[in-house]
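K.L.:
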Amino acid sequence: MSATEPAQVLIFDADDTLWENNVLFERVIDDFLDWVDHPTLGREQTRKVLDDIEAANAVTHGYGAKMLLQSLHDCFEKLNERTASDDERARIEDLAGKLIRHEVELIPGVTETLDALRGRYRMLLLTKGDLEEQQRKLDASGLAPHFDSIHIVPEKNVDTYRALIAEQDIEPATAWMIGNSMKSDIGPARAAGMNAVYVPNEHTWVLEFDDSVNREDDGVLFIETFPELLKHF
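233 is the number that our numbering gives to position 233 of the sequence shown; each next residue is one higher, with no gaps.
(1) Checking 8 Å against the spacing of the C-beta atoms, do residue 230 and residue 141 come in under that value?
(2) Just reading off the beta strand (DSSP E) that residue 177 is part of, what are its end residues?
(3) Measure the alpha-carbon distance for residue 163 versus residue 75 and round it to whole angstroms.
(4) Taking Cβ positions, are residue 190 and residue 217 nearer each other than 8 Å?
(5) Let me check understanding here. Comparing Cα to Cα, which of 180, 147, 39 and 69 lies closest to residue 115?
(6) Do residue 135 and residue 152 have their CB atoms nearer than 8 Å?
(7) Which runs of the alpha helix (DSSP H) at least 4 residues long sit entirely within the segment 130-167? Give them in chain order.
(8) Residue 1 to residue 82, Cα distance in whole Å?
(9) Assuming contact is defined by CB atoms lying nearer than 8 Å, are residue 117 and residue 123 in contact in what I supplied?
(10) Residue 92 and residue 72 - do their beta-carbons sit closer together than 8 Å?
(11) What residues are listed by DSSP as bridge partners for residue 126?
(12) What separation, rounded to the nearest whole angstrom, lies between the Cα atoms of residue 46 and residue 56?
(13) Count the other CB atoms within 10 Å of the CB of residue 222; is the residue buried (16 or more) or exposed (fewer)?
(14) Just how far apart, CA to CA, sit residue 228 and residue 51?
(15) Run through DSSP, which three-state label would residue 199 get?
(16) Could you tell me whether the Cβ atoms of residue 276 and residue 165 are closer together than 8 Å?
(17) When we look at the beta-carbon of residue 167 and count the other beta-carbons within 10 Å, is it buried (16 or more) or exposed?
(18) Can you check DSSP and say which residues form a bridge with residue 12?
(19) Please check the pair residue 194 and residue 161, which I expect to be a contact at CB under 8 Å, by giving their CB distance rounded to whole angstroms.
(20) Measuring straight from C-alpha to C-alpha, what distance separates residue 68 and residue 138?
(21) From the DSSP output, which residues share a beta bridge with residue 106?
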């Protein structure tokens with residue numbers, strides 16, 4: 001399938017597709033690993049403990065800075081086999097607070113590319129995470145006017161895409177999901193009958209990897225940078 005064929009709907013992921021996100025989380029995690037400095041576990045082992053805690057917390061707490069904060073607290077207590085002191089809890093809060101205070105960092109070429117696409121296609125934004133947190137980032141980005149509708153959801157799976165298709169009266173074969181996550185963007189969009197564009201981000205969260213996605217799928221367009229969209233649409 002060629003992306004040069006008429007595509008009526010372009011659906012964009014936000015975190016790590018339009019703006020940097022996980023790299024900010026990684027900086028907080030690096031600072032946490034430096035600080036916690038477990039006496040018997042190496043850095044990779046400590047990170048594995050945190051990854052497992054995040055995976056579990058994502059199910060019950062969703063995604064975003066609040067979930068990471070809870071995970072840091074849980075990880076500290078698991079590693080030390082005790083509750084944190086008031087000073088230790090304050091330190092963890094301060095580390096995670098950097099995410100709340102950080103300004104949105106747009107990925108190079110995003111604004112210009114969206115400007116060029118706007119008006120030629122129906123454009124939607126589909127992002128997962130905490131509603132208040134995602135809305136704050138969207139407001140700070142200044143990108144909202146580029147989209148015909150904006151959808152902030154707690155999870156992105158095949159049911160999410162099917163619901164969007166029904167709600168927005170989308171013909172799946174004419175729609176392209178554009179994002180950096182095989183797990184949340186490419187795989188479930190294809191399962192719902194949409195096409196997809198994979199835009200890699202070297203800082204993609206480890207929990208967003210999915211090796212089951214068929215890289216030979218001719219319904220998926222692989223590009224290297226966001227501005228490359230203009231070569232195909």
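Every residue, glycine too, gets a C-beta built ideally from N, C-alpha and C.
P.N.:
Checking against the coordinates, here is how it stands:
(1) no
(2) 175-179
(3) 35 Å
(4) yes
(5) 147
(6) yes
(7) 131-141 and 158-167
(8) Residue confidence for residue 1 is low, a pLDDT of 44 falling below 50, so the modelled location carries little weight and cannot support an answer.
(9) In this structure, residue 123 lies closer than 8 Å to residue 117 by Cβ.
(10) yes
(11) 151
(12) 16 Å
(13) exposed
(14) Spanning the alpha carbons of residue 228 and residue 51 requires a straight line of approximately 32 Å.
(15) coil
(16) The displayed coordinates of the chain run from 1 to 233. Any statement about residue 276 would go beyond what the structure contains.
(17) exposed
(18) 125 and 178
(19) 6 Å
(20) Straight across, the Cα-Cα distance linking residue 68 with residue 138 is about 20 Å.
(21) 19
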